[in-house]
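Okay, structure first, notes after.
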Amino acid sequence: MNFPTELADSAKEAARIAAGVTPEQFGGHTPCPDYDTRALINHWIAYTGLGMELRAKRRPHPADLATRDFTADPRWAAGYAEQLDRSAAAWADPAAWEGEIDLGGMAMPAPAMAGMLLVELVLHGWDVAKATGQEYRATDATAKLLLTVVGEQAEMFRQYKGFGEPVTPPEGAGELELAVALSGRDPYWSA
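Residue numbering for the sequence shown is 118 to 308, as defined by the numbering used here.
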C-alpha cells in the first residue's frame with residue numbers, strides 16, 4: 118500500500134504546527150514524559166524531516182542526526198517546512214515505495230518504513246501541538262491510515278519504548294483519537 122498523499126498532508130500539518138511554536142515553550146512538558154518540548158521537536162525534525170527524505174532515497178542517516186539541536190537556529194520552523202517539502206517529494210516518487218530499506222543490519226519493506234514515518238510525523242506532531250496549546254488536524258484519510266498502521270505496529274513500538282500501554286479512548290472517539298489512545302497517549306492530555 119502506497120500513501121504519498123497522506124504523507125504530504127501530514128507534512129503540511131507538521132509545518133503548520135512547527136510554525137506555531139514559540140521559543141518560550143521549549144522547556145514545557147509534553148505527552149512524551151522523557152522529552153521536554155525542545156527535545157521532542159528535535160527528535161521530530163530529525164526523523165521526519167531529513168530522515169524521512171534519506172529513507173526514501175536509501176541514504177544513511179548522518180551519525181549526528183539524533184543529537185542535533187535544530188531549534189538553535191531561529192529559522193528552525195521554516196527550515197523544517199522546507200525539508201518536509203523535500204521529504205514529501207521524495208516519497209511521491211513511485212520508486213521510493215519499491216523494495217526494502219536497509220536500516221543498518223536489518224531491512225524493512227519500503228511501505229512498512231513509510232508507515233513508521235507516518236506514525237512519527239503524525240503522533241509527534243500531535244504531541245507538539247498538545248504541548249504548545251495547538252490543535253492537530255488530520256484529514257479523514259490520514260486518521261484512518263494512522264489507526265491502521267498504529268494497530269499493525271503498536272507491539273513493535275512498545276518493544277522499543279516508543280509507545281506506552283494503550284489507554285481507554287474517549288466515548289465517541291474518532292480515528293485520530295483512537296490511534297492516539299492505542300499508542301499509549303492520553304487523548305485529553307494538556308500541558
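Even glycine gets a Cβ: it sits at the ideal position worked out from N, Cα and C.
Hey, residue i and residue j are a contact pair by Cβ (cut 8 Å); roughly how many whole angstroms apart?
i: Leu-299; j: Pro-283; result: 5 Å
i: Ala-135; j: Tyr-197; result: 5 Å
i: Ser-204; j: Gly-242; result: That belief does not hold up - the Cβ atoms of Ser-204 and Gly-242 are roughly 13 Å apart, past 8 Å.
i: Pro-148; j: Trp-306; result: 5 Å
i: Tyr-164; j: Glu-237; result: 5 Å
i: Val-266; j: Gly-232; result: 4 Å
i: Glu-123; j: Leu-262; result: 5 Å
In terms of DSSP beta bridges, what is residue i paired with?
i: Ile-218; result: Met-225
Using C-beta distances below 7 Å, list every residue in its chain close to residue i, excluding the 5 sequence neighbours before and after it, in chain order.
i: Arg-172; result: Ile-218, Met-230 and Leu-234
i: Asp-126; result: Thr-256 and Thr-259
i: Ala-227; result: Ala-213, Trp-214, Glu-215, Gly-216, Glu-217 and Ile-218
i: His-178; result: Gly-168 and Leu-171
i: Gly-137; result: Thr-249 and Gln-251
Buried or exposed: residue i, going by 16 or more other Cβ atoms within 10 Å of its Cβ?
i: Met-169; result: buried
i: Pro-211; result: exposed
i: Thr-154; result: buried
i: Leu-220; result: exposed
i: Ala-180; result: exposed
i: Gln-200; result: buried
i: Glu-130; result: buried
Between which residues of its own chain and residue i is the CB-CB distance below 6 Å, once the five residues before and five after are set aside?
i: Phe-187; result: Asn-159, Ile-162 and Trp-193
i: Pro-304; result: Pro-287, Glu-294, Val-297 and Ala-298
i: Phe-274; result: Phe-280
i: Gly-145; result: Thr-154, Ala-248 and Ala-308
8 Å is my cut-off, CB to CB: does residue i come that close to chain B?
i: Leu-263; result: This model lacks chain B altogether, as it is built from one protein chain only.
Starting from the C-beta of residue i, find all residues in its chain whose C-beta is less than 8 Å away, skip the five residues before and the five after it, and write them out in chain order.
i: Leu-157; result: Thr-147, Cys-149, His-241, Asp-244, Val-245 and Ala-248
i: Ala-271; result: Phe-280, Pro-283, Leu-299 and Ser-300
i: Asp-190; result: Gly-196
Please indicate yes or no: does the CB of residue i lie closer than 7 Å to some heavy atom of the ligand ATP?
i: Asp-257; result: The ligand ATP is not among the ligands present in this structure, which contains no ligands whatsoever.
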